[in-house]
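>
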Amino acid sequence: MLFPLHIAFWRPKSTRQADTEMTTKSVLIVGANRGIGFNLLKAFLGEAWDVTGTIRPQTRSEKDPTVSDLEKTGAKILELDYLDESTIERAAARYSINKPLDMLINVGGLSPHPKPWLEQAGDMMVEKFRVMAVGPLLAIKHFFPNLEQAPNAKVINISSDFGSISTNTFGTCMAYRMAKAALNQGAVTMAREWEKEGRKVTVVCVDPGFISTRLTGWDGEDDMDTCIAGMMELIKGLTPRDNGAFFNWDGSRIPF
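Encoded structure:
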């Protein structure tokens with residue numbers, strides 16, 4: 006008996022293959038081509054997650070070598086700029102509205118400098134707010150349909166203890182502190198609204214540690230591998246009871 010080609014050559018998936026496809030978790034890391042974002046991306050790839058990382062469109066056009074480093078990991082890549090909401094919307098559309106997203110990690114940021122309050126300038130302060138407070142919240146907004154399709158989805162905003170008002174004992178880095186405090190407030194506000202609306206998504210803010218990266222001007226005292234391992238353990242273990250919380254990379258709580 007002859008069968009149509011699509012039947013004759015069809016083979017059922019093995020149970021193991023089907024289970025793998027059903028259980029593979031997905032993560033999207035915004036700002037994944039260097040520093041903390043790149044190291045988190047590699048850590049998730051090492052644990053067989055379905056990983057997507059983003060870069061700014063201008064990063065590719067400037068032939069930044071970090072793009073090649075990201076491509077070599079095998080992770081999927083989307084272009085997204087916190088300063089341009091249309092790029093966030095396009096990235097979400099390319100990710101596919103019907104694809105569940107288990108975890109969104111907002112990493113992209115700007116330098117804490119300048120330190121003295123008299124060196125703070127209006128345009129610079131606004132840019133820090135747009136990149137470190139407004140942009141991450143817009144990313145959550147546009148990828149929220151994907152997050153809601155995943156069971157117990159999580160949003161991780163990479164923040165800083167500099168965003169804590171109650172622990173600010175020595176000042177400096179005013180614009181950076183204000184932007185991170187705004188990011189924290191946005192996360193808590195979302196958490197409370199989602200709880201009222203019965204939405205099953207958990208959002209937290211995490212201080213990644215004082216790690217030497219380009220963003221810090223290569224200043225830092227914490228070890229990258231240690232902090233990444235701590236964050237991985239923390240964020241994979243989050244539950245809905247943690248909604249709206251502020252953590253250090255080692256799992257300890259930071260007061261707002």
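Here the sequence shown is numbered in the numbering used here, starting from 6 and rising by one per residue. Ideal Cβ placement from N, Cα and C applies to all residues, glycine included.
#1: Alpha carbon to alpha carbon, how far is residue 50 from residue 261?
#2: According to the Cβ coordinates, are residue 32 and residue 56 closer than 7 Å?
#3: Check for me: the beta strand (DSSP E) holding residue 108 runs from which residue to which?
#4: Short of 7 Å in beta carbon distance, which residues of its chain neighbour residue 133, apart from the five on each side in sequence? Order them along the chain.
#5: Do the segment 81-98 and the segment 156-175 meet, that is, are 3 or more Cβ pairs less than 8 Å apart?
#6: Would you mind stating whether residue 46 and residue 58 have Cβ atoms separated by less than 7 Å?
#7: With DSSP collapsed to three states, give me the class of residue 67.
#8: Look at residue 230 and residue 215 and say whether their C-beta atoms are less than 7 Å apart.
#9: Less than 8 Å between C-beta atoms, sequence neighbours within five positions excluded: which residues of the same chain meet that for residue 38?
#10: Report the residue ranges of all beta strand (DSSP E) runs contained in full by the segment 179-252; include only those spanning at least 3 residues, in chain order.
#11: So, are the CB atoms of residue 62 and residue 84 less than 7 Å apart?
Short version:
#1: Here residue 50 is taken as the residue at index 45 of the sequence shown, counted from 1. Here residue 261 is taken as the residue at index 256 of the sequence shown, counted from 1. So the two alpha carbons sit approximately 32 Å from each other.
#2: Taking the first residue of the sequence shown as 1, we reach residue 32 at position 27. Taking the first residue of the sequence shown as 1, we reach residue 56 at position 51. Closer than 7 Å, so yes.
#3: The sequence position of residue 108 within the sequence shown is 103, counting from 1. That run of the beta strand (DSSP E) goes 108-111.
#4: Along the sequence shown, one-based indexing puts residue 133 at 128. 115, 180, 181, 184, listed in sequence order.
#5: Here the segment 81-98 makes no contact with the segment 156-175; the two share fewer than three CB pairs at distances below 8 Å.
#6: Against the sequence shown, residue 46 aligns to sequence position 41. Against the sequence shown, residue 58 aligns to sequence position 53. Going by C-beta atoms, residue 46 is nearer than 7 Å to residue 58.
#7: Your numbering for residue 67 matches position 62 in the sequence shown. DSSP places residue 67 in coil when its eight states are reduced to three.
#8: Looking up residue 230 in the sequence shown gives position 225. Looking up residue 215 in the sequence shown gives position 210. No.
#9: Numbered from 1 along the sequence shown, position 33 holds the residue referred to as residue 38. The residues are 58, 60, 64, 69, 71, 72, 74, 75.
#10: 206-212
#11: Numbered from its first residue, the sequence shown carries residue 62 at position 57. Numbered from its first residue, the sequence shown carries residue 84 at position 79. Between residue 62 and residue 84, the gap from beta carbon to beta carbon is short of 7 Å.
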